[in-house]
Every structure is written in structure tokens, then in C-alpha cells.
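Since the structure comes first, as C-alpha cells, the remarks are kept for the end.
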């Protein structure tokens, strides 16, 4: 099971996923399309959208299972922030992955180092 990070959505939406990884990413989208609620907000709030791409993004993201915040994830966010120099959105994504035992699909692996998050980088081929 996977949790997809915002950057992967943007790369996919812009056809920038490496060709060798497209099949795997599309499999993840068809079978394990989980995102953090913060990813939904980041993706839809992406400043690069025009009206048309925003409508397409909204339609695309409706296929995702957006995992919301609860007390367990919030407590894990606090633990991560207290022990690592990590931005709040990344801590929320990391906590969501950890608490749901999901592999985080991201290109920004450095953002999650030392957080015990299992990672898959489709650009690392």
C-alpha cells in the first residue's frame, strides 16, 4: 500500500514521471491511490494551475482516498516535529504514512530522512 506525495501528483499531471516508472505509478493510482489531506490541499492549491488544469486536477484527485487528520496522526506529527527539522506539511504526510503503514511515493526523499517512513522514489531508477 502506498501514500502519494504532492510532488508525484504534479510530476504525473505534467507528464514528467520517468518513462520506466509510469506503469508503476499508474498501478499505484489504480490500486492504492492514497493521499494525505495536506497533499489534496497542496495539489489543488498549486499555483501552476490555470482554470482548465484546476478542473482536471479536481476531477483527478476525486479518485484518491484522502486520509484526514485524527488524534493519532496529530500526535505522531508532534513527535516528528519535536525530533526532526521538518516542515509541518511534510510531518503530516510522514505521520500519515507511518500510522497507516504506507510506503510514501515521493521524489523528495531528503525531506523525510530519519523519520522511519518507508519510501519509494520513482525517479531513482
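Numbering (our numbering), first residue to last: 50 to 174.
Every residue, glycine too, gets a C-beta built ideally from N, C-alpha and C.
As the structure is a computational prediction, the values presented were derived from the model and not from experiment.
Item: Contact check, residue 92 vs residue 58, beta carbons under 8 Å; Value: yes
Item: Buried versus exposed, by CB contacts within 10 Å (16 or more), residue 125; Value: buried
Item: Any 3 or more C-beta pairs closer than 8 Å across the region 130 to 137 and the region 160 to 169; Value: yes
Item: Rounded straight-line distance, which links the Cα of residue 99 to that of residue 150; Value: 35 Å
Item: Nonlocal neighbours in the same chain, by C-beta distance under 7 Å from residue 106, ignoring five residues either side; Value: 62, 92, 93 and 98
Item: Residue span of the alpha helix (DSSP H) that contains residue 165, given as start and end; Value: Counting along the chain, residue 165 falls outside any alpha helix (DSSP H), and DSSP gives it neither H nor E.
Item: Cβ contact check for the region 83 to 91 and the region 109 to 121: 3 or more pairs under 8 Å; Value: yes
Item: Element boundaries [beta strand (DSSP E), containing residue 153]; Value: 152 to 154
Item: According to DSSP, residues forming a beta bridge with residue 52; Value: 83 and 153
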